[in-house]
Amino acid sequence: MRLPRSITFRASVAVACLTAVLLVGVTVLLISVLVTIGDPDKSPEGSKYAARILRDAVDRDADGRLILKASKALAALEADRPFFWYVVRAGDEAVSGGPAQPPAGAWLQGWAGRIDHAQFEYVVGERRLLGYAASEETRAGPVMIELGGVTFSLVEELLFGFGHNTPLIVAYGVFLLLVMIAAVWAIPRLIARPVHAMAGAAEAIDGLPAGRRLPAAQAPAELRPLAGAFNRALERIDAAAQAQRTFLSNAAHELRTPLTRMRMRLERVRDVGLRAELIADVQRLSGIVATLLHLARLSGQPLARARVDLVALARMVVAEQAPAALAADTELALEAPRPVIVTGSEMALRLALTNLVENAVRHGGGLVTVSVAHGEIAVTDRGAGVPEALRAEVMKPFARAGAGAGAGLGLAIVAQVMALHGGTVTIGEAEEGGARVSLLFPKEASVP
């Protein structure tokens, strides 16, 4: 039977099981102590305690006679026990005392030193009582101590019983410590496991339309309302983002036709200088429109992933950008010693690398190098570089590091492509000056 998906229920079951284990242990311990107290075949702990007090009081006076020295422990023992009596024997000598008179007879006379301890029965009136005798070594030599009528409170008897069961108490203490350690380790994990599972599901949400959602049906009862509310919020965000993507795509499509017509009509302008400036402006607008379309397509649908050879991709992009590099009087180099395979979208990666190379050629300072290594593509130039304070800012749409012909969308597209591949974009400084922009792929995307 599966437990209900409830954090409260599971925690309650864990606490109940822990309580039951502890109660069973306490019960076993108490039963063991009570059995020790009430077992007639075992020496009563209270009687043994009284015998030790008498043993410590045994001595001889100046004349060598057997005596019992007064002590607070002996006085306390006699104070509240009206039926208590004792006899201490050493050969023919005997000392007796206690609130009650010892019964007639020498119960174990002659056995001093021959037995350790023993119990015996004696009769007072019609009552059969249990006495206790023990051989003890004292300052007066070996003696036999006989006593009876020792009564203790339940608490005192339990304490004596605990003393008799010290190994059991130590074992139970170790057991209790292990149970508490297990509880401290297990109960928080039992409670936190579904929370961590939900957090992992939230981390896996990819942000694509109709993408992943929190598994509300599998969530514990306490987290189900939160998961449902979170999923509904994602649906509202998706709807708003889809509306923006639709508007962006439609606007870009609508702008392409007027821009094409404008480009054709500009050929009629007779002033050569003015015509060139106007054509450059139109081309810039056309580039912005094309970039906006790329952004809409990238964010509007999941990528079709396949094996991509980054070296072959880099050769293709370098070949395409070679004419622009020649026109800008910039040398374009490729460093790729062997094939490097990753899993991803060739179209998206080609778009990202093209944007990087175009930016580098535009600001390259005479040399642009594209290098491919395991899990990385880097584009290095010898331009002015990107100030460290602006490196995070230039990843945002329409942000630029300085004046130039770009629209400020190239690096935004690059960052989005790498985010869709689970990778990152880093901007650093090249060894010989200029900027070094690296596309870093995660380990799971790399194919050996």
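Using this note's numbering, the letters of the sequence shown correspond one by one to residues 37 to 484.
C-beta atoms are modelled at their ideal positions from N, C-alpha and C, and glycine is treated no differently.
Cβ-Cβ separation, residue j to residue i (assumed contact under 8 angstroms), whole Å
| i | j | result |
| --- | --- | --- |
| G458 | P478 | 5 angstroms |
| I413 | L346 | 6 angstroms |
| T405 | T390 | Their Cβ separation, rounded to whole angstroms, is 16 angstroms, which puts T405 and T390 out of contact at 8 angstroms. |
| M180 | R125 | 5 angstroms |
| P138 | V123 | 5 angstroms |
| L321 | L302 | About 12 angstroms; that fails the 8 angstroms criterion. |
| L183 | W221 | Wrong, their Cβ atoms sit about 51 angstroms apart, outside the cutoff. |
| S107 | V186 | S107 to V186, Cβ: 16 angstroms. No contact. |
| V206 | V57 | Going by Cβ atoms, the distance from V206 to V57 rounds to 18 angstroms, so no, they are not a contact pair. |
| G402 | T366 | 6 angstroms |
| A384 | L475 | That pair is no contact at about 11 angstroms. |
Sequence-distant residues of the same chain with beta carbon closer than 6 angstroms to residue i, five excluded per side
| i | result |
| --- | --- |
| S79 | Bear in mind that the predicted position of S79 carries a pLDDT of just 44, short of 50, making it unreliable; the figure below should be weighed with that in mind. Excluding positions up to five away in sequence, the list reads H153. |
| P76 | In this predicted model, P76 has a pLDDT of only 41, less than 50, meaning its place in the structure is not dependable enough to derive any value. |
| R260 | A252 |
| A170 | A87, H153 and I181 |
Helix, strand or coil at residue i [DSSP, three-state]
| i | result |
| --- | --- |
| P178 | strand |
| K479 | helix |
| H457 | coil |
| I413 | strand |
| S474 | strand |
| L183 | strand |
| V376 | coil |
| V422 | coil |
| F211 | helix |
| T55 | helix |
| S171 | strand |
| D274 | helix |
| Q155 | strand |
| L403 | strand |
| E465 | strand |
| D97 | coil |
| K84 | helix |
| D77 | Low local confidence applies: a pLDDT of 40 at D77 is under 50, so the model's placement there is unreliable, and no value is given. |
| A130 | strand |
| I241 | coil |
| L262 | helix |
| D92 | helix |
| A348 | helix |
| A487 | The shown model of the chain, from 37 to 484, leaves out residue 487, and the question about it has no answer. |
| E371 | strand |
| A342 | strand |
| R164 | strand |
| A142 | Caution applies to A142, whose pLDDT of 47 falls short of 50 and renders its modelled position unreliable; the value that the coordinates give is listed next. A142: coil per DSSP, three-state reduction. |
| R225 | helix |
| Y248 | The question names Tyr, yet the displayed sequence has Arg at residue 248. Correct three-state label for R248: coil. |
| R398 | helix |
| R125 | strand |
Min CB distance residue i to chain D below 9 angstroms
| i | result |
| --- | --- |
| M431 | Checking the listed chains, one finds no chain D in this structure; it contains a single protein chain. |
Close-in-space but distant-in-sequence residues of the same chain around residue i (CB under 7 angstroms, 5 per side omitted)
| i | result |
| --- | --- |
| I103 | D95, R96, D97 and V131 |
| A238 | L250 |
| L392 | V415, V450 and V473 |
| A176 | V94, D95, R96, L102 and A126 |
| E162 | none |
| R427 | I463 |
| K105 | A93 and D95 |
| V325 | A288, L291, R292 and L295 |
| E467 | none |
| V318 | L295, M298, R299 and L302 |
| V353 | R386, L389, T390 and V393 |
Residue i: CB within 8 angstroms of a non-hydrogen atom of the ligand FMN
| i | result |
| --- | --- |
| P478 | As for the ligand FMN, it is missing from this structure, which has no ligand bound. |
Same chain only: Cβ atoms within 8 angstroms of residue i, ignoring 5 sequence neighbours per side
| i | result |
| --- | --- |
| E157 | R164, L165, L166 and G167 |
| R351 | L370 and A372 |
| I89 | S107, A109, L110 and L113 |
| C489 | With the chain covering only 37 through 484, there is no way to say anything about residue 489. |
| A409 | V376 |
| A342 | T379, G380, S381 and E382 |
| G133 | L104, E114, W121 and Y122 |
Spell out a yes or no on whether the stretch 301-320 and the stretch 270-281 are touching, meaning 3 or more CB-CB pairs, one atom from each, closer than 8 angstroms. No contact exists between the stretch 301-320 and the stretch 270-281.
Spell out a yes or no on whether the stretch 105-118 and the stretch 159-167 are touching, meaning 3 or more CB-CB pairs, one atom from each, closer than 8 angstroms. Judged by Cβ distances under 8 angstroms, the stretch 105-118 makes no contact with the stretch 159-167, as fewer than three pairs qualify.
Between the stretch 287-298 and the stretch 262-277, do at least 3 Cβ pairs fall closer than 8 angstroms? Cβ pair count under 8 angstroms is below three, so no.
Within the stretch 291-324, note down every full alpha helix (DSSP H) run reaching 4 residues or more, in order along the chain. Correct list: empty.
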